[in-house]
Each structure stands twice: as structure tokens, then as C-alpha cells.
Amino acid sequence: MALNSIGQVISFVLLVCILVLLARFILDWVQLLARSWRPSGVVAVLCEGIYTVTDPPLRVVRGVIPPIRLGGAALDLSPMILLVVIYILQAVVNRTMVQ
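Quick note on numbering: the sequence shown equals residues -5 to 93 in our numbering.
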């Protein structure tokens, strides 16, 4: 019974991580497509919180798998790799809760 509760908490934390990472994807795309957009007020605080939470794990992944150079640009795969790892962890936690 206690392990099931712990599994639910871990699954919820992983879900929050996924949602924060998806918010980071959206913020990155907004900054890419609307270069003049600058958040202000509450939105700036939310953006800072999202970047503060997601930067450390993304830096770790970038240290293992650096961005791929494509001519003058670089393709950063670290957000997608981190998202896949979190999905796998969530599947493992959910699978162990069922058994």
C-alpha cells in the first residue's frame, strides 16, 4: 500500500516535469519566432521559474550529447532526449505500481 502511494507521487512528479519541459519548448519556440517578445510581470516570473527548473537537467544532457552542428546552426537534441527519458521513467514507475 505504501509503495503504491510512493509510486503515485513519483509518477505525479514526473508528469509535472513533462509539463514544465513542454512549457520550455513553447517558450523557446515563441522566442525563436517572435524575437521582439519580452515577457513582463507575472509571465516573466513564470518564464524564469521554468528556465531555472529545466536548465540543470538540460545542461547535464548537453554535456553527454552536445548539440549537432549543421553548417552555421546547431541542433540541440537535449530537450527531446530528456523528454524521452522522463517518459521511460514514468512508464517504469507506472508498470511497477500495477504489479
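Beta carbons: idealized from backbone N, C-alpha and C, even for Gly. Quick caveat: nothing in here was measured; it's all calculated off a predicted structure.
- Query: How would you write the range of the beta strand (DSSP E) that LEU69 sits in, first residue to last?
  - Reply: Residue mapping note: residue 69 aligns to position 75 of the sequence shown, counting from 1. From DSSP, the beta strand (DSSP E) with LEU69 extends over 67 to 69.
- Give the straight-line distance between the Cα atoms of ILE20 and PRO73, rounded to the nearest whole angstrom. For this step, residue 20 is matched to residue 26 along the sequence shown. For this step, residue 73 is matched to residue 79 along the sequence shown. A straight-line Cα-Cα distance of about 12 Å links ILE20 and PRO73.
- Might you give, ordered along the chain, the residues of its own chain that have their beta carbon closer than 8 Å to the beta carbon of LEU83, omitting 5 neighbours on each side? Along the sequence shown, one-based indexing puts residue 83 at 89. So the list reads LEU8, once near-sequence residues are dropped.
- Determine the extent of the alpha helix (DSSP H) in which ARG56 is found, giving its start and end residues. On the sequence shown, residue 56 is found 62 positions in, with the first residue counted as 1. Per DSSP, ARG56 is one residue of the alpha helix (DSSP H) stretching across 36 to 58.
- Query: Hey, how far is the Cα of GLY1 from the Cα of GLY65?
  - Reply: Residue 1 sits at position 7 when you count from the first residue of the sequence shown. Residue 65 sits at position 71 when you count from the first residue of the sequence shown. Near 45 Å, if we compare the C-alpha coordinates of GLY65 and GLY1.
- Secondary structure of ARG94, DSSP reduced to three states: Here the chain covers residues -5 to 93 and nothing more, so residue 94 does not appear.
- Item | Limits of the unbroken alpha helix (DSSP H) element including PRO73 | Numbered from 1 along the sequence shown, position 79 holds the residue referred to as residue 73. Counting along the chain, the alpha helix (DSSP H) containing PRO73 begins and ends at 72 to 92.
- Item | Sub-9 Å separation of PRO61 and ASP49 beta-carbons | Counting from one through the sequence shown, the residue named residue 61 turns up at place 67. Counting from one through the sequence shown, the residue named residue 49 turns up at place 55. Contact: no.
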